[in-house]
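A.B. asks: Mind having a look at this structure? Questions to follow.
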Amino acid sequence: MSQLILMIAKIDELDNPETLTELWRQSMPKVNLADITQAHYLNELESQVSETGWEAMRHLMVEQWRLTDGLLVEEFRQEQAGAVVGDGYDLLKVASRLGVVQLPRQVCYLLGNERHTLPGNAGLPEHEGQVTTRGLQEWVCLLPQDLPFGTAQRLLGWMAH
Numbered sequence: 119m120s121q122l123i124l125m126i127a128k129i130d131e132l133d134n135p136e137t138l139t140e141l142w143r144q145s146m147p148k149v150n151l152a153d154i155t156q157a158h159y160l161n162e163l164e165s166q167v168s169e170t171g172w173e174a175m176r177h178l179m180v181e182q183w184r185l186t187d188g189l190l191v192e193e194f195r196q197e198q199a200g201a202v203v204g205d206g207y208d209l210l211k212v213a214s215r216l217g218v219v220q221l222p223r224q225v226c227y228l229l230g231n232e233r234h235t236l237p238g239n240a241g242l243p244e245h246e247g248q249v250t251t252r253g254l255q256e257w258v259c260l261l262p263q264d265l266p267f268g269t270a271q272r273l274l275g276w277m278a279h
């Protein structure tokens with residue numbers, strides 16, 4: 119029996135599309151006709167598809183960030199020529215319209231200055247601790263203007279998971 123999956127993959131060379139690196143995969147539940155009830159199946163299906171889609175978008179955001187952070191670190195290393203060594207990763211908590219994600223940032227150690235730096239911060243807004251995306255900030259500001267606080271809070275909880 120067939121089954122649907124949603125997958126995020128990375129391709130290093132567009133000229134060689136056969137070589138993909140799978141980064142994330144989620145299977146949709148197998149269809150079981152015995153479990154289908156006319157009154158509830160469509161709602162359950164919508165819920166399953168929605169959850170899988172939100173999870174995929176969060177993973178896609180993290181993977182796109184990994185590519186960005188890698189390029190920023192590479193650029194920083196070229197500017198510092200030989201004075202930088204990798205020293206692990208630091209996770210940044212980001213609250214977004216997609217929910218909360220943890221973005222890994224490469225920590226670099228500058229040998230001459232004996233200090234640590236995060237080159238990926240060049241791709242982020244100024245922050246100390248958690249970052250909230252502008253999109254989520256706009257939702258938080260706009261929804262309570264037209265809706266009671268409780269309703270706005272509930273909608274934000276649903277939208278941002």
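Just remember that our numbering sits 118 ahead of the position in the sequence shown, which is counted from 1.
All C-beta atoms in this analysis are idealised placements derived from N, C-alpha and C, irrespective of residue type, glycine included.
Tell me whether Asp187 is buried or exposed, calling it buried when 16 or more other Cβ atoms sit within 10 Å of its Cβ.
C.D. replies: A residue is called buried once 16 or more other Cβ atoms fall within 10 Å of its Cβ, and Asp187 is buried on that count.
A.B. asks: Determine contact between the segment 238-252 and the segment 204-212, defined as no fewer than three beta-carbon pairs at a distance below 8 Å.
C.D. replies: Remark: three or more beta-carbon pairs, one from each stretch, lie closer than 8 Å, so the segment 238-252 and the segment 204-212 are flagged as touching.
A.B. asks: Identify the residues that DSSP records as bridge partners of Met125: which are they?
C.D. replies: Looking at the DSSP assignment, Met125 forms a beta bridge with Arg143.
A.B. asks: Residues bridged to Pro222 by DSSP?
C.D. replies: Leu209
A.B. asks: Compare the Cα-Cα distances from Leu254 to each of Gln220, Met277, Leu265 and report the closest residue.
C.D. replies: The option with the nearest alpha carbon to Leu254 is Met277.
A.B. asks: For Ala270, collect the residues of the same chain with a Cβ closer than 7 Å to its Cβ; drop the 5 residues on either side in sequence, then sort them by chain order.
C.D. replies: Leu261, Pro262
A.B. asks: With a threshold of 8 Å, are at least 3 pairs of Cβ atoms found where one atom belongs to the segment 182-202 and the other to the segment 223-240?
C.D. replies: yes
A.B. asks: For Gly200, which of Arg176, His177, Asn231, Met179 has the nearest alpha-carbon?
C.D. replies: Checking every option, the nearest Cα to that of Gly200 belongs to Asn231.
A.B. asks: Could you please give the first and the last residue of the uninterrupted alpha helix (DSSP H) stretch that includes Arg252?
C.D. replies: 252-264
A.B. asks: Beta-carbon within less than 7 Å of Gln121's beta-carbon, same chain only, minus the 5 sequence neighbours each way: which residues are those?
C.D. replies: Ser145, Met146, Lys148
A.B. asks: Quick check on Ser214: does DSSP put it in helix, strand or coil?
C.D. replies: Ser214 falls in the strand class under three-state DSSP.
A.B. asks: Measuring CB to CB, does Val203 end up less than 8 Å from Leu236?
C.D. replies: No, they are not a contact pair.
A.B. asks: What are the complete alpha helix (DSSP H) segments, minimum 4 residues, inside the segment 135-208?
C.D. replies: Runs found: 159-198.
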